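If you read the sequence shown in my numbering, its first letter stands for residue 2, the second for the next number, and so on. Every residue gets a Cβ at the ideal spot worked out from N, C-alpha and C, and that includes glycine. These numbers come from a predicted model, not from an experiment. Down below is the structure, laid out as structure tokens.
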Amino acid sequence: MAISIDPRAAELLGHDQHLPPVSPLHFSRDALLGRFAQPPQWQPDVEVEKWYRAPDPVHAAVLVPLVMRDRASVLLTQRTAHLKKHAGQISFPGGRMEPTDADAVAAALREAQEEVGLDPQRVEVLGSLPTYTTGTGFIVTPVVGLIVPHDHDHPWLSLQPDPGEVDEVFEVPLDFLMDPRHHQRRAFELSGTSLEFFSMPWSSEAGKEYFIWGATAAMLRNLYRFLSA
């Protein structure tokens, strides 16, 4: 069941000012490796979107690429406007799993290579977060991986996005996304029911705003819960 809304126009319910941000000390390679090697007890905030109605869900995988700069960042994409699913939205590289994919990790790495030209050998896979089921009928496995920039990758990674799928590739500081003060709770009405979602608007140094919301924001929120547990 596809929902067409303007997320920016949805009612702003508030922010989670009471929750602490994740310490940047947890963003080092060693800290992240340790967290995934010995996960804490924790609970995702969102696992299934409330407007999920798809009779035949499709398994998919996305790569959550953590770029290990002096200030760690998350690599995201803005999808092209003509796509049938999630057109123009901000998302992680990824897509549906194919029969040739050995597992969700293989699917996420393959899709990242196809969408943005990221060589799978550049990704150090840490592990996966719990699946997230979208209202459009995808059961998504978020695969978290580290990318160490090359000398020529500054200020951005040297990637080759597929213009048929991706309008832009950009990075958002990890400390910004792991601070609940930037996690907006919003809601829209559907058939008399209030459906809530997370959004995380971010503006680049050049002043361009990227409205991160929906499944991408929810998976980032779950990453926050995992790292802050």
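The count of Cβ pairs closer than 8 Å, one atom from the region 110-120 and one from the region 159-178, reaches three, so the stretches are in contact. Of all alpha-carbon atoms in GLY208, ALA108, PRO174 and LEU221, the one lying nearest the alpha-carbon of SER200 is that of LEU221.
A Cβ-Cβ contact shorter than 8 Å links VAL145 with VAL65. Between the alpha carbons of TYR211 and GLU172 lies a gap of roughly 10 Å.
Counting every other CB atom within 10 Å of its CB across the protein chains shown gives ALA230 a total below 16, marking it as exposed.
By the Cβ neighbour-count rule, HIS19 is exposed, with fewer than 16 other Cβ atoms within 10 Å of its own. Collapsing the DSSP output to three states places SER24 in coil. Nearest C-alpha to ARG54 among GLY136, PRO156 and GLN79: GLY136. Along the region 71-147, the alpha helix (DSSP H) occurs as fully enclosed runs of 4 or more residues at 105-117, listed in sequence order.
Judged by pairs of C-beta atoms under 8 Å, the region 27-42 touches the region 125-132, as three or more such pairs exist. Contact holds between the region 188-198 and the region 4-17, because three or more Cβ pairs, one in each stretch, are under 8 Å apart.
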